[in-house]
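Trainee:
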Amino acid sequence: MTGIALPSVQSLLIQMRFNGQVLSSGTAFIVSSDKGPLLITNRHNVTGRRQDNDKPLSKTGGIPNEIEIVHNVKGKLGNWFVVVEPILDEKDNPLWKEHPTHGKNVDFVALPLTNINNVKIYSYDLNNTGPDVFIGPADSLSVVGFPFRIQAGGSLAVWATGFMASEPDIDFNGLPVF
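Everything in the sequence shown is counted per this note's numbering, starting at 77 for the first residue and increasing by one.
#1: Going by DSSP, what residue range makes up the beta strand (DSSP E) through residue 114?
#2: Around the Cβ of residue 91, are there at least 16 other Cβ atoms within 10 angstroms (buried) or fewer (exposed)?
#3: Ordered along the chain, which non-local residues of its own chain (more than five positions away) have a Cβ less than 6 Å from that of residue 198?
#4: How about the stretch 205-223 and the stretch 235-246: do they share at least three Cβ pairs that are nearer than 8 Å?
#5: Buried or exposed: which applies to residue 119, given that a residue is buried once 16 or more other Cβ atoms fall within 10 Å of its Cβ?
#6: Taking the alpha-carbon of residue 123 as reference, which of 115, 133, 250 has the nearest alpha-carbon?
#7: At the 8 Å Cβ level, is residue 224 part of the contact set with chain D, yes or no?
#8: So what does DSSP say about residue 108, is it helix, strand or coil?
#9: What first and last residue would you give for the alpha helix (DSSP H) that runs through residue 85?
Here it is in structure tokens:
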């Protein structure tokens, strides 16, 4: 890939919907697994509820039953198309997977992707995460995504720079968060 930073296409714009009605938007990315590609996003995106008190996030009170993903088109860098994936089965059971130890207490989930025809997947490799780097309080870092549904040039993610705000090696209330 030339001229475009890989994380700009690895971050994917998503919209949470109920029967086609858009409720909210967010950011996701893909990791490869033995069972196929998994979409990783925040748990609050797929539940439509706040993590701290379980109240609906949408002003409408709607809870999503599908997720719209703006995927990269295979063989056409700089082109995108929308794929809709269900997030609930026919009995309204979640299709996503939560953390095996911490479950709903951590704000991320993995959704198996079922509709990837003509999709170019730029996945993160969980077995090769790069060099070990210490990041501590006040260190700068980049967050790559779609805040407030903002896109850069088609559906490329925007890059925001911020600072690490807390110690990453200290558990918060028994959870590995920072």
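Each residue gets a CB set at the ideal place from its N, CA and C atoms; glycine is no exception.
Here the structure is a predicted model, which is why all the values come from computation and not from measurement.
Mentor: Judging by the given coordinates:
#1: 112-117
#2: buried
#3: 85, 86
#4: yes
#5: buried
#6: 133
#7: Any reference to chain D falls outside this structure, which holds one protein chain only.
#8: strand
#9: 82-86
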